[in-house]
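Note sheet for the following structure.
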Amino acid sequence: MPVSSRKRRIAASDDEAEEPIRVKQQPSSNPLAATARSQATTVETTIVEGSAPSTSLPAQLEDLRPAPLDKGQGPNLRRMLNDFKYQQDAIAKTIELLLETADHTAEAFRHDKNAELLKQADEDLRQLLDLQVNKAARKRALEEMLQDLEGGVEIANPVERYNTAVQGQMDAYNRKTARQKYSKNEHYHNFRDMWWSATEEGAMPPVRDLIPAENGDEADSDDEIVAGGVTQNFRCPITTNLLEDPWTNTACKHSYSGAAILEFIQTNNTCPAASCVARVTRSTIGPDPQLKKKVAAFKRREEERQLARRNTSQILD
1 MPVSSRKRRI AASDDEAEEP IRVKQQPSSN PLAATARSQA TTVETTIVEG
51 SAPSTSLPAQ LEDLRPAPLD KGQGPNLRRM LNDFKYQQDA IAKTIELLLE
101 TADHTAEAFR HDKNAELLKQ ADEDLRQLLD LQVNKAARKR ALEEMLQDLE
151 GGVEIANPVE RYNTAVQGQM DAYNRKTARQ KYSKNEHYHN FRDMWWSATE
201 EGAMPPVRDL IPAENGDEAD SDDEIVAGGV TQNFRCPITT NLLEDPWTNT
251 ACKHSYSGAA ILEFIQTNNT CPAASCVARV TRSTIGPDPQ LKKKVAAFKR
301 REEERQLARR NTSQILD
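Heads up, the sequence shown is in UniProt numbering, so the first residue is 1 and it goes up one at a time.
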């Protein structure tokens, strides 16, 4: 073979050796893998072109790790607290609307003690009350963190601290039984009260007795034992007639007809209910819309009973 041909082949081999060896990779559906591969390709290209990368991959990942919080981050936490306040207000409004709807539903299904719509409302209300507790736990965790920041304490790992605080509160709540969660909640008490008033007669038993018992309920201490139901008196202690536009005294929980009590306090400031010595003034009394609904339901039931008695009497005659 001529010497010149051999030289050309050697030269060509040298040129090929200078090209980097690349391996064709199969496409992946994993976005993390695709991102990592893209970063690796960028680094490889930079090295092949003969210059060092401006920032290494470990350094880039380091920037994504949680950073400590100091006093300068206080305004951000306050904004987050305002967001939680907005969410809590929205939940409270939803509960209010649910109770109004449940009141109308109970009235419409007053002859059906086990109406499915009321059972569903009960379940929905419990979920909203659980959500209230969750939001309160998150808000409390942020408030404690903000208090530390304003006191000059740096929080090394804010995410871990926040999650730990919230989880601790929710674990304690979730260990409670349904009775322990809801029986003393004012919203739940009002819901069961309107359900009972629309479909039952007589005094409503304690709310805890309306919730099925679970393991752990038998361990309630003596000071949490609730007394039996109290019969609601729908008569005004001043007029002795059924309450009209009822007003209730916050000092003793006695109720009166609105016009009667407003006239009464002009000359007397002691509750007119028998054996009660509580003070009654314009500042301690106010309209009671919930009681007004109960009185209306009581009147309706009385009218239905009277009509039933008349019909029975006519049949017997």
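All C-beta atoms in this analysis are idealised placements derived from N, C-alpha and C, irrespective of residue type, glycine included.
Which residue or residues does DSSP assign as beta-bridge partners of residue i?
{"i": "residue 155", "result": "69"}
{"i": "residue 286", "result": "248"}
{"i": "residue 255", "result": "248"}
{"i": "residue 279", "result": "270"}
{"i": "residue 235", "result": "242"}
Relative to the C-alpha of residue i, which residue among the options is closest?
{"i": "residue 215", "options": "112, 89 and 180", "result": "180"}
{"i": "residue 134", "options": "147, 105, 85 and 153", "result": "85"}
{"i": "residue 383", "options": "210, 95, 288 and 268", "result": "This structure cannot speak to residue 383, because the chain is shown only from 1 to 317."}
{"i": "residue 270", "options": "240, 281, 211 and 89", "result": "281"}
{"i": "residue 161", "options": "115, 141 and 262", "result": "141"}
{"i": "residue 72", "options": "152, 90, 112 and 122", "result": "152"}
{"i": "residue 131", "options": "149, 307 and 169", "result": "169"}
{"i": "residue 299", "options": "70, 198 and 272", "result": "198"}
{"i": "residue 283", "options": "205, 251, 260 and 150", "result": "251"}
{"i": "residue 82", "options": "293, 302, 136 and 265", "result": "136"}
{"i": "residue 122", "options": "144, 205 and 95", "result": "95"}
{"i": "residue 200", "options": "312, 92, 305 and 311", "result": "305"}
Consider the Cβ of residue i: report whether some Cβ of chain B lies at a distance smaller than 7 Å.
{"i": "residue 169", "result": "Checking the listed chains, one finds no chain B in this structure; it contains a single protein chain."}
Classify residue i: buried if its beta carbon has 16 or more other beta carbons within 10 angstroms, exposed otherwise.
{"i": "residue 188", "result": "buried"}
{"i": "residue 254", "result": "buried"}
{"i": "residue 297", "result": "buried"}
{"i": "residue 192", "result": "buried"}
{"i": "residue 246", "result": "buried"}
{"i": "residue 79", "result": "exposed"}
{"i": "residue 138", "result": "buried"}
{"i": "residue 275", "result": "exposed"}
{"i": "residue 237", "result": "buried"}
{"i": "residue 249", "result": "buried"}
{"i": "residue 67", "result": "exposed"}
{"i": "residue 277", "result": "exposed"}
{"i": "residue 69", "result": "buried"}
{"i": "residue 207", "result": "buried"}
{"i": "residue 213", "result": "exposed"}
{"i": "residue 144", "result": "exposed"}
{"i": "residue 273", "result": "buried"}
Who are the Cβ neighbours of residue i in its own chain at under 6 Å, not counting the five residues just before and after it?
{"i": "residue 295", "result": "234 and 243"}
{"i": "residue 217", "result": "177 and 179"}
{"i": "residue 109", "result": "115"}
{"i": "residue 77", "result": "142 and 146"}
Skipping 5 residues on each side, what residues in its chain have a beta carbon closer than 7 Å to that of residue i?
{"i": "residue 124", "result": "98"}
{"i": "residue 182", "result": "126, 129, 188 and 211"}
{"i": "residue 290", "result": "190"}
{"i": "residue 112", "result": "none"}
{"i": "residue 150", "result": "71 and 74"}
{"i": "residue 260", "result": "236, 238 and 239"}
Within the same chain, show all residues whose beta-carbon is closer than 8 Å to that of residue i, passing over the 5 residues directly before and after it, in chain order.
{"i": "residue 118", "result": "102, 105, 106, 109 and 195"}
{"i": "residue 154", "result": "68, 69 and 70"}
Going along the chain, which unbroken runs of the alpha helix (DSSP H) with 4 or more residues stay wholly within the stretch 71-128?
74-108
Fully enclosed by the stretch 140-224, which alpha helix (DSSP H) runs are 4 residues long or longer?
158-174, 178-182, 186-199 and 207-210
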